[in-house]
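Number 883 in the numbering used here belongs to position 481 of the sequence shown; there are no gaps in the numbering. Positions of the beta carbon are idealized from the N, C-alpha and C atoms, including for glycine. Notes to accompany the following structure.
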Amino acid sequence: MSLPEALLYIDGKMRPAAGNKTYDNIGPWTGEVVGKAADASAADVDEAIAAARRAFDTTDWSSNHALRFELMKKYRDLLHANRDRLVQIARVEVGSAIGAAFRAQVDFALGGADGLLECFPRVTWEEDRGLRNEQGFDTQRIVTHEAMGVVGAITPWNVPLYVNVGKVVAALLAGCTVVLKPAPDTPLMGSIMGELAIEAGLPPGVFNVVTSADPAMAGEMLTKDPRVDLISFTGSTAVGKKIMENGAASLKRVFLELGGKSAYIVLDDAPNFPMAVMSSMVVFHAGQGCAYPTRLLVPKTRYAEACKALEMAYGGFASKWGHYEEPTCIMGPLISKRQLERVKGYVEIGKQEGARLLAGGNVRTDKGGGFFIEPTCFVDVRNDMRIAQEEIFGPVLVVIPYEDEDEAIRIANDSIYGLGGAVVGSPERAVKVAKRIRAGSISVNGGVSITGDLPFGGYKHSGMGREWGVEGIEEFLETKAIGIRVS
Ligand code: NAD
């Protein structure tokens with residue numbers, strides 16, 4: 403199954419990279435080439451930045467709220483109309499199983515675009531702050547909120563459409579212009595957004611997409627270039643820190659969505675304890691989710707019961723993953739050989755640290771030429787082990803026993819990260835616990851805390867700023883106070 407070529411989208415046109423340079427787009431299911439992607443040169447990136455700068459400085463894009471709203475509604479409708487193509491890309495390029503491709507990869511992103519458009523009318527562009535007598539005369543004051551300028555959007559490969567939409571749609575709605583740099587592993591999910599921009603009639607230069615085989619070149623150019631006002635980045639904490647460093651010289655605004663090691667706390671009064679425990683399995687999209695709760699915290703008093711429930715759940719799942727054509731399948735391969743090596747490395751670390759492997763841990767070459775590793779669960783884990791502290795970004799759950807509620811909260815917060823989390827227990831108590839966890843999104847009793855109309859982002863090393871919701875549009879705005887002397 404091959405995908406169309408991913409082209410660059412610069413200044414309103416889809417085109418190949420300078421010198422027709424391309425690179426292979428490798429499919430995670432097979433490990434084989436599934437398409438080609440334009441490999442942007444520094445000159446291509448420079449042209450994209452120049453186009454975005456010109457569109458921001460010389461057109462009415464940032465001030466014409468009504469035009470933007472109309473065009474972005476069209477753009478959203480086109481995303482919906484292309485659902486099947488987007489699913490195909492998620493399947494072949496991102497390596498999604500069918501059960502994850504529709505839900506997490508595409509419908510979640512389409513719902514996110516709907517959520518942002520619902521939020522747009524709630525954005526305040528101008529506020530009357532009233533009269534004030536200062537220095538012996540009256541001043542009428544207004545506060546305006548204006549687009550920040552040119553945005554460099556740098557995105558990862560795990561849920562590429564969702565993250566691309568979260569940044570691009572919100573930044574364009576805010577009146578910014580954008581250069582999107584997708585991850586090298588998922589170029590087409592970026593490129594198709596350019597193609598749809600042409601169809602929607604977005605003015606040239608307002609939005610640009612540069613795909614590149616080199617993971618750092620285009621992103622570093624965007625980060626260091628003084629013509630770019632803000633970097634909106636989703637990816638690893640290590641690269642996030644580099645972006646802050648590289649952006650410092652031009653005092654770049656930086657918005658960061660980074661890694662996570664979220665906790666899933668099952669309280670001893672959880673209404674259906676075994677079911678609550680089993681729901682913590684890290685299998686959906688092979689665990690490649692930043693806010694995925696990958697540390698399961700269970701009460702010591704019910705630890706044996708929890709281990710038994712997990713043994714059953716993992717046993718029952720053993721034959722249910724890695725099937726390309728099976729509609730109910732929710733777990734496929736990892737994105738790349740590099741990621742497979744990384745996850746395999748953490749399985750070895752877990753064993754060396756003395757954690758007990760309850761399930762999985764093996765690389766599965768019998769599943770095909772792709773990057774498959776079994777759903778894996780470690781029990782008898784201490785929170786100071788590397789497998790409990792470091793982000794693995796694969797299908798690996800670690801299970802940690804706790805003494806009482808206070809200890810559960812202490813363990814949950816004993817992490818450099820603070821992105822997501824989940825609590826299951828009697829409702830009132832579970833909400834109280836959720837409020838004490840230092841993280842940006844918490845699910846209580848299976849509730850959904852991540853949608854396009856709610857703010858999403860991290861505490862601590864999981865990032866800064868908020869994406870999605872009204873907050874996600876406001877992230878791209880500057881604030882100005884104007885005082886008008888009236889007497
Ligand atoms: P990554 O940090 O390696 O890469 C992310 C993006 O940054 C890619 O487009 C990459 O090409 C680019 N990049 C790499 N080096 C760069 C540099 N020096 N300057 C500028 N850009 C550079 O992350 P990844 O491996 O693509 O994705 C996995 C990571 O992303 C995980 O840590 C995961 O937790 C995180 N993630 C976070 C969220 C969130 O919302 N918090 C969502 C998805 C993924």
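Residues in the same chain with beta-carbon distance under 8 Å from residue i, minus the five sequence neighbours each way, listed in chain order, please.
| i | result |
| --- | --- |
| M866 | V656, F657, L658, G859 and G860 |
| R470 | W463, L574, L575 and G577 |
Put residue i into one of helix, strand or coil per three-state DSSP.
| i | result |
| --- | --- |
| P606 | coil |
| T767 | helix |
| P676 | helix |
| V846 | strand |
| P857 | coil |
| Q537 | coil |
| S664 | strand |
| Q542 | strand |
| H725 | coil |
| K423 | coil |
| T579 | strand |
| K438 | strand |
| E807 | helix |
| G752 | helix |
| A585 | coil |
| F510 | helix |
| V361 | Outside the displayed range of the chain (403 to 889) lies residue 361, so it cannot be described from this structure. |
| A883 | strand |
| K415 | strand |
| P829 | helix |
| V489 | helix |
| T703 | helix |
| T460 | helix |
| C731 | coil |
| P777 | coil |
| S652 | coil |
Quick check: what's the CA-CA separation for residue i versus residue j?
| i | j | result |
| --- | --- | --- |
| M623 | G538 | 50 Å |
| T625 | V611 | 15 Å |
| P803 | R417 | 55 Å |
| I645 | T703 | 45 Å |
| T588 | D808 | 42 Å |
| G501 | K569 | 25 Å |
| C709 | R487 | 41 Å |
| L512 | A506 | 10 Å |
| E707 | E601 | 56 Å |
| V835 | Y716 | 28 Å |
| F890 | G596 | Not covered by the structure: residue 890. The range shown for the chain is 403 to 889. |
| S634 | P606 | 21 Å |
| G603 | T613 | 22 Å |
| A452 | R629 | 8 Å |
| P617 | K415 | 23 Å |
| K583 | E713 | 42 Å |
| H725 | D768 | 12 Å |
| A549 | S464 | 6 Å |
| A693 | R887 | 50 Å |
| S721 | S682 | 18 Å |
| V494 | L405 | 8 Å |
| S593 | Q791 | 35 Å |
To which residues of the same chain is residue i closer than 7 Å at the C-beta, ignoring the five residues directly before and after it?
| i | result |
| --- | --- |
| A585 | T557, P558, W559 and P562 |
| N785 | I802, I813 and D816 |
| T881 | V545 and H547 |
| R758 | F780, V781 and D782 |
| I818 | K862 and H863 |
So, for residue i: in the same chain, excluding its five sequence neighbours on each side, which residues have a beta-carbon less than 6 Å away from its beta-carbon?
| i | result |
| --- | --- |
| V545 | E529, R531 and A883 |
| A810 | I667, L699 and Y804 |
| V571 | A515 and L518 |
| A761 | Y716 and C779 |
| L533 | D540 and Q542 |
| V846 | V825, A832, V833 and A836 |
| T639 | L660, G661 and H863 |
| G637 | P558 |
Check the C-beta distance from residue i over to residue j and give it rounded, since I have them as a contact under 8 Å.
| i | j | result |
| --- | --- | --- |
| F609 | L574 | 6 Å |
| G820 | R840 | 5 Å |
| G437 | P735 | Rounded, the Cβ-Cβ distance is 17 Å, inconsistent with contact. |
| A439 | T579 | Contact flag wrong, Cβ pair sits at about 23 Å. |
| A665 | P695 | 6 Å |
| A615 | Y748 | 26 Å between Cβ atoms; not a contact. |
| L410 | L598 | Actually they are not in contact, since the Cβ atoms of L410 and L598 sit about 15 Å apart, beyond 8 Å. |
| D631 | G551 | 3 Å |
| R697 | V800 | 6 Å |
| P777 | F719 | 6 Å |
Using a Cβ cut-off of 8 Å (strictly closer), state whether residue i contacts chain B.
| i | result |
| --- | --- |
| A576 | Protein chains in the displayed structure number just one, and chain B is not present. |
Count Cβ pairs between the stretch 715 to 735 and the stretch 427 to 441 that sit closer than 8 Å; are there 3 or more?
yes
Three or more C-beta pairs closer than 8 Å, one from the stretch 867 to 874 and one from the stretch 848 to 855: is that the case here?
yes
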